[in-house]
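Numbering (UniProt numbering), first residue to last: 1 to 357.
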């Protein structure tokens with residue numbers, strides 16, 4: 001069931017796993033668990049040989065809509081690295097594809113939209129996502145909940161701004177010029193589009209939460225392209241709508257974007273329980289700007305290619321800076337890069353677990 005007046009939080013969350021021993025859930029609540037929890041964005045993916053073997057001959061969307069395959073891919077880094085949380089294997093554009101939009105994920109490029117949406121007709125033709133269209137994703141979540149034991153599962157969705165940017169630009173963009181032009185030139189149309197995408201994200205997250213996900217992360221990958229003024233005017237209301245809609249589930253809500261050091265307070269104000277921080281700003285400075293709270297991050301993913309003494313020093317630094325927060329979830333400042341040696345990730349997990357919280 002999705003959040004509504006007929007599904008209060010105590011009913012929605014009644015069957016959710018308690019997981020009292022989870023360091024991730026404890027840290028997300030602002031507590032100090034016995035060890036600092038660690039997981040990695042894109043931990044399930046191309047860095048793992050078992051992932052590459054399983055995905056051979058299968059498209060990204062085929063994998064994302066195959067319950068057994070997406071569950072197996074999600075489990076792979078748990079088995080290999082011993083991380084403290086699983087994150088659902090999916091893609092932020094999955095709900096767009098599920099709703100019927102002509103979109104593909106092109107290797108080496110990313111999501112590509114066949115017909116970019118840049119006018120009122122395109123916005124009003126945007127389909128509504130029905131929960132049945134992501135039922136196979138929800139089935140994958142149910143399989144995972146039954147397989148993860150005491151490890152929590154993080155569901156996720158793309159935030160309205162980032163989804164809108166893909167739809168307007170037609171794919172990844174450095175400057176987001178068409179998106180920003182639409183925002184400022186036709187603000188009413190922008191808010192209509194972002195509102196529709198917020199509804200889509202809510203449906204996608206609710207499907208995952210109804211199936212048993214233990215936390216969610218809202219990815220606003222491209223939000224760092226915005227000024228704080230533009231973020232607060234054009235983006236925050238729609239991200240807040242998403243995060244508010246799932247508040248009744250009573251699970252931690254993480255909000256992350258790349259290059260968002262100047263937006264951390266605004267992203268927290270959107271309703272995040274945990275603020276993701278990329279590598280461009282020290283964690284203790286992020287905590288100072290936020291006035292406390294819980295942060296997630298923020299090792300530079302490129303440094304996973306450095307020598308172990310260099311990497312170890314950086315892990316220790318990030319961990320030490322994280323002590324400034326009420327709670328710290330160790331992570332990268334963005335996703336695992338494809339060429340990373342998976343043994344290095346396992347070694348990082350071991351080091352983080354050895355360090356005093």
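Quick reminder that beta carbons are idealized off the backbone N, C-alpha and C, glycines included.
Counting only residues of its own chain and dropping the five nearest sequence neighbours on each side, residue 76 has a CB closer than 7 angstroms to the CB of 44, 48, 50 and 51. CA-CA distance, residue 273 to residue 53, rounds to 36 angstroms. Counting along the chain, no alpha helix (DSSP H) covers residue 299; the unbroken beta strand (DSSP E) around it starts and ends at 294-299. Going by C-alpha positions, residue 94 is about 7 angstroms away from residue 61. DSSP assignment within the region 288-354 yields the following whole alpha helix (DSSP H) runs of 4 residues or more, N-terminal first: 308-322 and 342-354. For the 8 angstroms CB-CB criterion, residue 263 and residue 243 do not form a contact. Following the DSSP letters along the chain, one finds residue 255 inside the beta strand (DSSP E) bounded by residues 253-256. Only buried fits residue 214, as 16 or more other CB atoms lie within 10 angstroms of its CB.
Separation of residue 341 and residue 261 (C-alpha to C-alpha, rounded to the nearest whole angstrom) is 29 angstroms.
For the pair residue 276 and residue 29, the CB atoms are not nearer than the 8 angstroms cut-off. Residue 258 counts as buried, since no fewer than 16 other beta carbons sit within 10 angstroms of its beta carbon. In the structure shown, the three-state DSSP call for residue 153 is strand. Only exposed fits residue 310, as fewer than 16 other CB atoms lie within 10 angstroms of its CB.
Assigned with DSSP and collapsed to three states, residue 218 falls in strand.
According to DSSP, residue 235 shares a beta bridge with no other residue. DSSP places residue 20 outside any beta strand (DSSP E), giving it a letter other than H or E. Sequence-distant Cβ neighbours of residue 201 in its own chain, meaning closer than 8 angstroms and more than five residues away, are 95, 157, 158, 159, 160, 163, 218 and 242. In the pairwise beta carbon analysis, the region 162-178 is classified as touching the region 109-120: at least three pairs are separated by under 8 angstroms.
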